Amino acid sequence: MSTVELTKENFDQVVSDNDFVLIDFWASWCGPCRQFAPVYDAASERHGDLVFAKVDTEAQQELAAAFEIRSIPTLMIVRENVAVFAQPGALPEVALEDIIGQARKLDMDEVRKSIEDQQKEQK
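Count along the sequence shown starting at 1, add 10, and that's the number in the working numbering.
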């Protein structure tokens with residue numbers, strides 16, 4: 011499966027229409043981003059049931075700012091409209107596969123309850 015280019019116009023729809031979205035925040039001038047790209051693309055081929063998306067931080071500065079992206083590449087995983095993972099840095103293939111596996115195993119009911127509990131504590 012090819013990756014989806016996310017923009018501020020299609021971001022909400024892509025994330026809300028899909029239960030599991032991996033997002034690579036990148037820029038063309040970024041060396042580590044170029045190193046990570048083939049790893050990310052290969053993972054997209056192995057995991058055809060997931061949506062792999064990219065945000066060009068130069069073209070989509072508003073989107074990058076909204077997610078407070080300070081370093082690229084940054085990988086984010088959104089499951090059922092909840093960001094469950096975000097980490098800057100180019101990941102090796104083994105680490106990316108491990109993170110995908112962990113994100114697949116998450117009990118999203120538990121995740122939502124945990125978020126709800128944290129929000130109650132902050133009030």
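A virtual CB, placed ideally from N, CA and C, is assigned to each residue, including glycine. These numbers were taken from a predicted model, which means no experiment stands behind them.
Where residue i sits in the DSSP three-state scheme
i      : result
Glu-19 : coil
Lys-9  : This structure cannot speak to residue 9, because the chain is shown only from 11 to 133.
Asp-34 : strand
Residue environment, residue i, which counts as buried when at least 16 other CB atoms sit within 10 Å
i       : result
Ala-63  : buried
Pro-48  : exposed
Val-104 : exposed
Residue i to residue j span [Cα, whole Å]
i      : j      : result
Ser-38 : Thr-67 : 9 Å
His-57 : Phe-35 : 19 Å
Phe-46 : Pro-83 : 8 Å
Val-65 : Cys-43 : 11 Å
Nonlocal neighbours in the same chain, by C-beta distance under 8 Å from residue i, ignoring five residues either side
i       : result
Gln-70  : Leu-16, Thr-17 and Lys-18
Ala-113 : Phe-30, Ile-87, Arg-89, Val-94 and Phe-95
Sequence-distant residues of the same chain with beta carbon closer than 7 Å to residue i, five excluded per side
i      : result
Asn-91 : Val-25 and Ser-26
Review point. At what residue ranges does the segment 49-119 contain a whole run of the beta strand (DSSP E), taking only runs of 3 or more?
Key: 61-66, 84-89 and 92-98
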